[in-house]
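The sequence shown runs contiguously to residue 489 in my numbering.
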Amino acid sequence: MDVSKPGVLEGAFFLDGDTAIAEGAICAGCRFFAGYPITPATEIAERMAARLPEVGGVFIQMEDELASMNAVLGAAWGGARAMTATSGPGLSLMLENIGLAVMTETPCVVVNIQRGGPSTGLPTLASQADMMQARWGSHGHYEIIALAPGSPQESFDLTIRAFNLAEKYRTPVLVMSDGAVGHMTERVVIPPAEQISIYPWRRPRQPPGPDFLPYAPDEDGVPPFPIAGTGYRIHMTGLTHDERGYPATTAAAQAQLIPRLIAKIRDNRHDIIDLVEDGIEDAEVVVVSYGVSARTSLLPVQQAREEGL
Numbered sequence: 181m182d183v184s185k186p187g188v189l190e191g192a193f194f195l196d197g198d199t200a201i202a203e204g205a206i207c208a209g210c211r212f213f214a215g216y217p218i219t220p221a222t223e224i225a226e227r228m229a230a231r232l233p234e235v236g237g238v239f240i241q242m243e244d245e246l247a248s249m250n251a252v253l254g255a256a257w258g259g260a261r262a263m264t265a266t267s268g269p270g271l272s273l274m275l276e277n278i279g280l281a282v283m284t285e286t287p288c289v290v291v292n293i294q295r296g297g298p299s300t301g302l303p304t305l306a307s308q309a310d311m312m313q314a315r316w317g318s319h320g321h322y323e324i325i326a327l328a329p330g331s332p333q334e335s336f337d338l339t340i341r342a343f344n345l346a347e348k349y350r351t352p353v354l355v356m357s358d359g360a361v362g363h364m365t366e367r368v369v370i371p372p373a374e375q376i377s378i379y380p381w382r383r384p385r386q387p388p389g390p391d392f393l394p395y396a397p398d399e400d401g402v403p404p405f406p407i408a409g410t411g412y413r414i415h416m417t418g419l420t421h422d423e424r425g426y427p428a429t430t431a432a433a434q435a436q437l438i439p440r441l442i443a444k445i446r447d448n449r450h451d452i453i454d455l456v457e458d459g460i461e462d463a464e465v466v467v468v469s470y471g472v473s474a475r476t477s478l479l480p481v482q483q484a485r486e487e488g489l
């Protein structure tokens, strides 16, 4: 991969939400995509397949969603900003390794273009029914970051933010779009590269050596992210582990590790949470909505206010 090749297509475009996500990923520095086609997310894979070779990146169509998520984790540890995209059935398959990404603190982005379920469901029906799965889908006690765009422009913007949050907090980040937003076509403005804020690589300040601890956190509770093949001694496991990355099968080790993984997200909610407030200053009832349904909630709220509610 050649991550030095610029990928920003500056200008105003008429894009669907899926394509906007792909372009946001390219602008954020994503240079690896592994995935498996699934409605209504296939357009992301198609766009990445076309664009990644232009910017020195790698696109791989894997045999299934389990392999796709594994490939993304491997690419991240190899130094790439990496992403996959799927829909509900694929997310169900990926969740085991999303849990592995949480435990190994692997920064990556997982896009879910939600559709009707459960099981195979109705692939062409837009849905927001996977939000609880995003929050609690993998086993164990953990925190996760999920962003929910409501337009193609937000799809572009929040994908960039997803990569920034993944790098900043060393965690998988979910972009929870839906079939309506994914296939909706609207004006999307892609700013010049110098106006796009990209969180820098969180690399160790300590040089490689026998005393380096790959899971020793900085002051904010997040460890720097060493890259495999750069001289650092790295050990990754889904088991509870110590700061060396070695399995530590004691209750004390669990009590030290898991609260830190939770705290690095929970204690930074002021930085992570992003919402738009409209007319709530004097409100007695607040309507909370996200994704495509947030757009349709605006009119009834306005009508209710006009009626004095």
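Just so you know, even glycine gets a beta-carbon here, dropped at the ideal spot from N, CA and C.
Where Q308 sits in the DSSP three-state scheme | For the purposes of this step, residue 308 is taken as residue 128 along the sequence shown, with counting starting at 1. Of the three classes helix, strand and coil, the one that applies to Q308 here is coil, per DSSP.
Are the region 418 to 428 and the region 442 to 454 touching by the rule of at least three beta carbon pairs closer than 8 Å?
-> Touching, no.
My understanding is that E347 touches P287, with C-beta atoms under 8 Å, so please give their C-beta distance in whole angstroms.
-> Here the question's residue 347 lines up with position 167 in the sequence shown. Here the question's residue 287 lines up with position 107 in the sequence shown. The pair is a contact, with the Cβ atoms about 5 Å apart (cut-off 8 Å).
Let me know if E245 comes out buried or exposed under the rule of 16 or more other beta-carbons within 10 Å of its beta-carbon.
-> Here the question's residue 245 lines up with position 65 in the sequence shown. Classified as buried, E245 has 16 or more neighbouring CB atoms from the shown chains inside 10 Å of its CB.
What do you reckon, are the CB atoms on G191 and I460 nearer than 8 Å?
-> Locating residue 191 in the sequence shown gives position 11, counting from the first residue. Locating residue 460 in the sequence shown gives position 280, counting from the first residue. The answer is no: Cβ separation not under 8 Å.
Take G197 as the anchor and find which of D462, L345 and A306 has the nearest alpha-carbon.
-> Counted from its first residue, the sequence shown places residue 197 at position 17. When only C-alpha atoms are compared, the closest one is A306.
Nearest-angstrom Cβ-Cβ length linking E285 and I442, presumed shorter than 8 Å | As a working note, residue 285 is residue 105 in the sequence shown. As a working note, residue 442 is residue 262 in the sequence shown. Contact between E285 and I442 fails: their C-beta atoms lie close to 12 Å from each other, not under 8 Å.
Can you tell which of R261, G411, G301 and L271 has the C-alpha that lies nearest to the C-alpha of P380?
-> Numbered from 1 along the sequence shown, position 200 holds the residue referred to as residue 380. Per the Cα distances, R261.
Chain B beta carbons: is any one of them nearer than 8 Å to that of T219?
-> Among the protein chains of the structure shown there is no chain B, as only one such chain exists.
So, are the CB atoms of I407 and G258 less than 8 Å apart?
-> Translated into positions along the sequence shown, residue 407 becomes position 227. Translated into positions along the sequence shown, residue 258 becomes position 78. At the C-beta level, I407 and G258 come within 8 Å of one another.
Do you know whose CA, among T476, M356, G409 and G425, lies nearest T266's CA?
-> What you label residue 266 is simply residue 86 of the sequence shown in a count that begins at 1. Between T266 and the set T476, M356, G409 and G425, the nearest pair of CA atoms involves M356.
Residue span of the alpha helix (DSSP H) that contains R424, given as start and end = Reading the sequence shown from its first residue, position 244 is the one you call residue 424. Where R424 is concerned, there is no enclosing alpha helix (DSSP H), given that its DSSP letter is neither H nor E.
Between G268, A328, D458 and R211, which lies nearest to Q313 when the distance is taken from Cα to Cα?
-> Here residue 313 is taken as the residue at index 133 of the sequence shown, counted from 1. For the residues G268, A328, D458 and R211, the minimum Cα distance to Q313 belongs to G268.
Inter-stretch contact (C-beta, 8 Å, three-pair minimum) for the region 380 to 397 and the region 323 to 335 | The region 380 to 397 is not in contact with the region 323 to 335.
Where I407 falls: helix, strand or coil (DSSP) = For this step, residue 407 is matched to residue 227 along the sequence shown. The answer is coil: DSSP assigns I407 none of H, G, I, E or B.
Excluding the five sequence neighbours on either side, which residues of its own chain have a C-beta within less than 6 Å of the C-beta of V282, listed in chain order?
-> Mapped onto the sequence shown, residue 282 falls at position 102. A distance below 6 Å between beta-carbons, with the five flanking residues on each side excluded, links V282 to the following residues of its chain, in chain order: Y322.
Coarse secondary structure for R413, derived from DSSP in three states | Indexing the sequence shown from 1 puts residue 413 at position 233. DSSP places R413 in coil when its eight states are reduced to three.
Closer than 6 Å by C-beta to I376: which residues in its own chain qualify, once you throw out the five before and the five after it? Chain order, please.
-> In the sequence shown, residue 376 corresponds to position 196, counting from 1. Here the set comprises C207.
Per DSSP, I325 forms a beta bridge with which residues?
-> Within the sequence shown, residue 325 is the residue found at index 145, counting from 1. Residue pairing from DSSP places I325 in a beta bridge opposite V353.
May I have a chain-ordered list of the beta strand (DSSP E) segments no shorter than 3 residues that lie completely inside the region 334 to 392?
-> Fully contained in the region 334 to 392 are the following beta strand (DSSP E) runs of length 3 or more, in chain order: 352 to 358 and 365 to 370.
Can you say whether L275 is buried or exposed, counting buried as having 16 or more other CB atoms within 10 angstroms of its CB?
-> As a first step, residue 275 must be located in the sequence shown, where it is residue number 95. It counts as buried.
Whose C-beta lies closer than 6 Å to the C-beta of Y470 among residues of the same chain, with five residues either side of it excluded?
-> Taking the sequence shown and counting its residues from 1, the one referred to as residue 470 is at position 290. Close CB contacts of Y470 within its chain, under the 6 Å cut and outside five residues either way in sequence, are with A328 (chain order).
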